[in-house]
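These notes concern the structure reproduced below.
Protein chains: 2
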Amino acid sequence: MENFAFHAPTKIYFGKGQIENLENILSKYGKNVLLAYGGGSIKKNGIYNKVYELLKDFNICELEGIEPNPRIGTVRKGIEICKQNNVDVILAVGGGSTIDCTKLIGAGIHYDGDAWDLVKEPSKVDKVVPVVTILTIAATGSEMNQTAVITNPETNEKLSARLKGMAPRASILDPEYTYTLPAIQTAAGAADIMSHVIENYFKSTEGAYLQDKISEGILQTCIKYCPVALQNPTDYEARSNLMWASSLALNGLCGRGKDNEIWSCHPIEHELSAFYDITHGVGLAILTPRWMRYILSEKTVDKFVDYAVNVWNFDKSDDKFELANKAIDATEKFFINCGIPMNLGKLGIDDSLLEKMSNAVIAHRDLKDAYVPLSAEDVLNILKMCL
Amino acid sequence: MENFAFHAPTKIYFGKGQIENLENILSKYGKNVLLAYGGGSIKKNGIYNKVYELLKDFNICELEGIEPNPRIGTVRKGIEICKQNNVDVILAVGGGSTIDCTKLIGAGIHYDGDAWDLVKEPSKVDKVVPVVTILTIAATGSEMNQTAVITNPETNEKLSARLKGMAPRASILDPEYTYTLPAIQTAAGAADIMSHVIENYFKSTEGAYLQDKISEGILQTCIKYCPVALQNPTDYEARSNLMWASSLALNGLCGRGKDNEIWSCHPIEHELSAFYDITHGVGLAILTPRWMRYILSEKTVDKFVDYAVNVWNFDKSDDKFELANKAIDATEKFFINCGIPMNLGKLGIDDSLLEKMSNAVIAHRDLKDAYVPLSAEDVLNILKMCL
Chain V
-15 MENFAFHAPT KIYFGKGQIE NLENILSKYG KNVLLAYGGG SIKKNGIYNK VYELLKDFNI
45 CELEGIEPNP RIGTVRKGIE ICKQNNVDVI LAVGGGSTID CTKLIGAGIH YDGDAWDLVK
105 EPSKVDKVVP VVTILTIAAT GSEMNQTAVI TNPETNEKLS ARLKGMAPRA SILDPEYTYT
165 LPAIQTAAGA ADIMSHVIEN YFKSTEGAYL QDKISEGILQ TCIKYCPVAL QNPTDYEARS
225 NLMWASSLAL NGLCGRGKDN EIWSCHPIEH ELSAFYDITH GVGLAILTPR WMRYILSEKT
285 VDKFVDYAVN VWNFDKSDDK FELANKAIDA TEKFFINCGI PMNLGKLGID DSLLEKMSNA
345 VIAHRDLKDA YVPLSAEDVL NILKMCL
Chain Y
-15 MENFAFHAPT KIYFGKGQIE NLENILSKYG KNVLLAYGGG SIKKNGIYNK VYELLKDFNI
45 CELEGIEPNP RIGTVRKGIE ICKQNNVDVI LAVGGGSTID CTKLIGAGIH YDGDAWDLVK
105 EPSKVDKVVP VVTILTIAAT GSEMNQTAVI TNPETNEKLS ARLKGMAPRA SILDPEYTYT
165 LPAIQTAAGA ADIMSHVIEN YFKSTEGAYL QDKISEGILQ TCIKYCPVAL QNPTDYEARS
225 NLMWASSLAL NGLCGRGKDN EIWSCHPIEH ELSAFYDITH GVGLAILTPR WMRYILSEKT
285 VDKFVDYAVN VWNFDKSDDK FELANKAIDA TEKFFINCGI PMNLGKLGID DSLLEKMSNA
345 VIAHRDLKDA YVPLSAEDVL NILKMCL
């Protein structure tokens, strides 16, 4: 186990009706609130009206239309609104995109330069405006960490930054809010959760046994409950387990102590969605089993055996590679059964930009420090397997 | 899954040499430090001198001699020292007893009445002096939660209180500090960790699958590594996994969402150690398998089957009770193999006070709200099984 720092200060309000705590939570910070959200589904599912009802003594300004893969332009717009309205606290209602966007807004309000600087150099973050969230999809884990992923379309960059002090102060996690999600978003969300865990599980760190046990538990939770939620969208048990899994998958429990290597599929997927604006979880589901097949070797096979036995419940056998391949097949089949389009072609992506993307991956994140080091050529090979 | 609030704000500095961050951590709070510790082992293992070396620009006063099962008198003494020295921050160096004691000191400094009031009515806690810890044993989890267990010898009470705001601000977890622990303390610590998990695992809550998966992972971690640490006390992998397991077992991950029932073995053990001042983890190890045998029934057997298969890796079989009993036997045998004296008689406890203790258990905590409701007579029966 590597040395690590662990800090997950977000206060979680989990369960049915927890939105009733909203006034209490926000009033610690002040009366001027930025309400930030995405495409307007919160007006259909009633959260929007409920927020206004609960916050009748607050001054609310709005940032609406935060896009999936949130863009730096939207962040800049949000910062302007906050400055004009002396915003004390930001309320993000939505999924990872909305929450990520508000983290950079909160960090950027008191920063003199352009907010994109903070993505490039997160150490510049100083005084911040706090963020509180109401989560509407189980996926990114952004509700319980300080990471934000922001896209800069001018430079075709989609970068991840750990913004100090920008873990949400509180997050309201009501599983019932995910009842009305489109099936593909439920499935892509589960794929996102699983990818966060898998990226940390497959590392060469010695002796981080406890982290791996927690990881296996989160993966089993997704495997058990994503199909249930797809079959019956209002199954509270499934929705609550997926939602809590989302937060625990990326709050440090699976990864701290295993920080010796960087992730593999996320940096590749970030280029895919920077170039093609695809759904992050779909990109990860497509990449993950292909990446697994590509890196399977004598050196990595034992980890795949653990994955096969402890996550997929296959019986131990003498043929380690057979077992590893069964687990990879199971991973791919699971995503297919969840209704995820499992080829880039199905998303309208051909081979024309694969080489450019592969080079961009390595330019933004040198994958020589990954679990299995990857060159631009390796990334290209993996992307070709995804076509 | 029940509704819950989860908040684990303690910043963890985990690994070799993390004490080097001490000055940095404490200087946020001020220069006047109370250094609190137990029986003086910190002078032998070098931590005491290291603290003075690192804090040469601080004003340090001391509270030494905090006893196992810390007493309210020691708390009162600590509060007096803090008031006299205008203490800004308390540095607890030790295990759960020392940390628990300092939490109540921190809560009591600005409280006008007697500190015991706060144990009885934790909602009275208002302004507090923060606590930072350096952990020297993997056991209670006190390093990452706001609970304190304090004994009042005047009333033969040992009570547990959740003191708002008293989760340590930061905890330094260096597994190397546990290399020199006596074997019985390593074993009793592991039993304590396992008991925290088992108390939450065995509940009738529906659908808290993720919590149970995390619980199974922590239990497997203790079962794997406690024997290794006993065999080779300087095995870093074993010590680091046990230490992180200690914190995660009782920071809310296993229990939040399963708060519908109260614990069973802890309330009973608290009377044992209030009456006889025995080691908490030893008392729990003795009680746990007996309690399991006592509550095994048609109604509870399925949970024991999960425990047998997912924690002890027994193959599923048709005879559920056989499987349950195998798991209970394995639990008892595990503690025996760890060198824990597994009968009250071995601790010099006879049957003379069993009835008085059983009544005291129910007087302090009505176990009708436990997983399997227990009367004073039930408690007496369980205690008799432990003789």
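Top to bottom, those sequences are chains V and Y. The opening residue of the first sequence carries number -15 in my numbering; numbering runs sequentially from there. The opening residue of the second sequence carries number -15 in my numbering; numbering runs sequentially from there. Ideal placement from N, C-alpha and C gives every residue a C-beta, glycine not left out.
With respect to the beta strand (DSSP E) encompassing residue i, which residues constitute its N-terminal and C-terminal limits?
{"i": "Y:S144", "result": "E141 to R146"}
{"i": "Y:G372", "result": "Because residue 372 of chain Y is not part of the residues shown, which for chain Y are -15 to 371, the question remains open."}
{"i": "Y:A292", "result": "Counting along the chain, Y:A292 falls outside any beta strand (DSSP E), and DSSP gives it neither H nor E."}
{"i": "Y:L237", "result": "Unbroken run through Y:L237: none, as it is neither H nor E."}
{"i": "Y:P(-7)", "result": "F(-12) to F(-2)"}
{"i": "V:N43", "result": "N43 to L47"}
{"i": "Y:A308", "result": "Unbroken run through Y:A308 is the alpha helix (DSSP H), K304 to N321; no beta strand (DSSP E)."}
{"i": "Y:S155", "result": "A154 to L157"}
Exposed or buried, residue i, counting other C-beta atoms within 10 Å across all chains shown (16 or more means buried)?
{"i": "V:K40", "result": "exposed"}
{"i": "Y:Y21", "result": "buried"}
{"i": "V:I26", "result": "buried"}
{"i": "V:F305", "result": "exposed"}
{"i": "Y:D303", "result": "exposed"}
{"i": "V:G30", "result": "exposed"}
{"i": "V:A347", "result": "exposed"}
{"i": "V:Y185", "result": "buried"}
{"i": "Y:P166", "result": "exposed"}
{"i": "V:Q204", "result": "buried"}
{"i": "Y:S188", "result": "exposed"}
{"i": "V:E7", "result": "exposed"}
Relative to the C-alpha of residue i, which residue among the options is closest?
{"i": "V:Q130", "options": "V:N327, V:P152 and V:E141", "result": "V:P152"}
{"i": "V:D350", "options": "V:V113, V:K300, V:A311 and V:H250", "result": "V:H250"}
{"i": "Y:F(-2)", "options": "Y:S231, Y:G239 and Y:V295", "result": "Y:S231"}
{"i": "Y:D176", "options": "Y:A229, Y:L147, Y:P137 and Y:S224", "result": "Y:A229"}
{"i": "V:N216", "options": "V:Y260, V:E160, V:Q195 and V:H180", "result": "V:E160"}
{"i": "Y:I182", "options": "Y:L18, Y:P114 and Y:L268", "result": "Y:L268"}
{"i": "V:D334", "options": "V:K352, V:Y260 and V:L307", "result": "V:Y260"}
{"i": "V:A122", "options": "V:I74, V:A145 and V:L234", "result": "V:L234"}
{"i": "V:D72", "options": "V:L10, V:K142 and V:E141", "result": "V:L10"}
{"i": "V:D219", "options": "Y:I198, Y:E190 and Y:Q195", "result": "Y:E190"}
{"i": "V:E46", "options": "V:G24, V:N53 and V:P(-7)", "result": "V:G24"}
{"i": "Y:G1", "options": "Y:R55, Y:F288, Y:S301 and Y:S224", "result": "Y:S224"}
{"i": "Y:I193", "options": "V:A91, V:D313, V:I202 and V:K12", "result": "The question names Ile, but residue 193 of chain Y is Tyr in the sequence shown. Here the closest residue by C-alpha is V:I202."}
{"i": "V:L338", "options": "V:T272, V:E64, V:L19 and V:I252", "result": "V:I252"}
{"i": "V:G49", "options": "V:T82, V:L147, V:R60 and V:N43", "result": "V:T82"}
{"i": "V:C285", "options": "V:S336, V:V345 and V:V356", "result": "Note that residue 285 of chain V is Val in the sequence shown here, rather than Cys. If we check each option's Cα against that of V:V285, V:V356 comes out closest."}
{"i": "V:Y36", "options": "V:P54, V:E51 and V:V17", "result": "V:V17"}
May I ask you to report which of helix, strand or coil DSSP gives residue i?
{"i": "Y:F259", "result": "helix"}
{"i": "V:Y36", "result": "helix"}
{"i": "V:T117", "result": "strand"}
{"i": "Y:L10", "result": "helix"}
{"i": "V:F186", "result": "coil"}
{"i": "V:T124", "result": "coil"}
{"i": "Y:V17", "result": "strand"}
{"i": "Y:T131", "result": "strand"}
{"i": "V:R55", "result": "strand"}
{"i": "Y:N136", "result": "strand"}
{"i": "V:A246", "result": "The displayed chain sequence assigns Ile, not Ala, to residue 246 of chain V. Of the three classes helix, strand and coil, the one that applies to V:I246 here is strand, per DSSP."}
{"i": "Y:M(-15)", "result": "coil"}
{"i": "Y:I325", "result": "A small correction: the amino acid at residue 325 of chain Y is Pro; Ile does not occupy that position in the sequence shown. Y:P325: coil per DSSP, three-state reduction."}
Report yes if the C-beta of residue i is less than 6 angstroms from at least one heavy atom of the ligand ZN; otherwise report no.
{"i": "V:G323", "result": "The ligand ZN is absent from the structure shown, which contains no ligands of any kind."}
Starting from residue i, trace the alpha helix (DSSP H) in both directions and tell me its first and last residue.
{"i": "V:V356", "result": "Neither: V:V356 is in no alpha helix (DSSP H) and is coded neither H nor E."}
{"i": "V:A411", "result": "Residue 411 of chain V is absent from the model: chain V starts at -15 and stops at 371."}
{"i": "V:L203", "result": "Y193 to Q215"}
{"i": "V:L102", "result": "W100 to K104"}
{"i": "V:E339", "result": "L338 to H348"}
{"i": "V:K283", "result": "Note, V:K283: premise wrong, no alpha helix (DSSP H); not H, not E."}
Residues of the stretch -13 to -1 of chain Y with Cβ closer than 9 angstroms to any Cβ of chain V, in chain order: Within the stretch -13 to -1 of chain Y, N(-13), F(-12), A(-11), F(-10), H(-9), A(-8), P(-7), T(-6), K(-5), I(-4), Y(-3), F(-2) and G(-1) place their CB atoms closer than 9 angstroms to a CB of chain V, listed in sequence order.
Interfacial residues, the stretch 287 to 308 of chain Y to chain V, with Cβ spacing under 9 angstroms: Contact annotation: in the stretch 287 to 308 of chain Y, no residue has its CB less than 9 angstroms from a CB in chain V.
Cβ-based contacts, 8 angstroms cut-off: residues of the stretch 203 to 232 of chain Y near chain V: In summary, the residues of the stretch 203 to 232 of chain Y whose CB is separated from some CB of chain V by less than 8 angstroms are Q204, T205, K208, Y209, Y220, E221, S224, N225, W228, A229 and L232, in the order they occur in the chain.
Using a beta-carbon distance cut-off of less than 9 angstroms, what residues from the stretch 169 to 195 of chain V approach chain Y? So the close ones are E190, G191, A192, Y193, L194 and Q195.
Please name the residues in the stretch -2 to 30 of chain V whose beta-carbon is closer than 8 angstroms to at least one beta-carbon of chain Y, in chain order. Listed by position, the residues of the stretch -2 to 30 of chain V near chain Y (Cβ gap below 8 angstroms) are F(-2), G(-1), K0, G1 and Q2.
Closer than 9 angstroms between beta carbons: that is the criterion. Which residues of the stretch 237 to 257 of chain Y meet it against chain V? Answer in chain order: L237, R240 and G241.
Using Cβ-Cβ distances below 9 angstroms, what residues of the stretch 326 to 352 of chain V are close to chain Y? Those residues of the stretch 326 to 352 of chain V that come within reach of chain Y (Cβ to Cβ, closer than 9 angstroms) do not exist; the list is empty.
May I ask you to list, following chain order, the residues of the stretch 65 to 97 of chain Y that have a beta carbon less than 8 angstroms from some beta carbon of chain V? Within the stretch 65 to 97 of chain Y, no residue places its CB atom closer than 8 angstroms to a CB of chain V.
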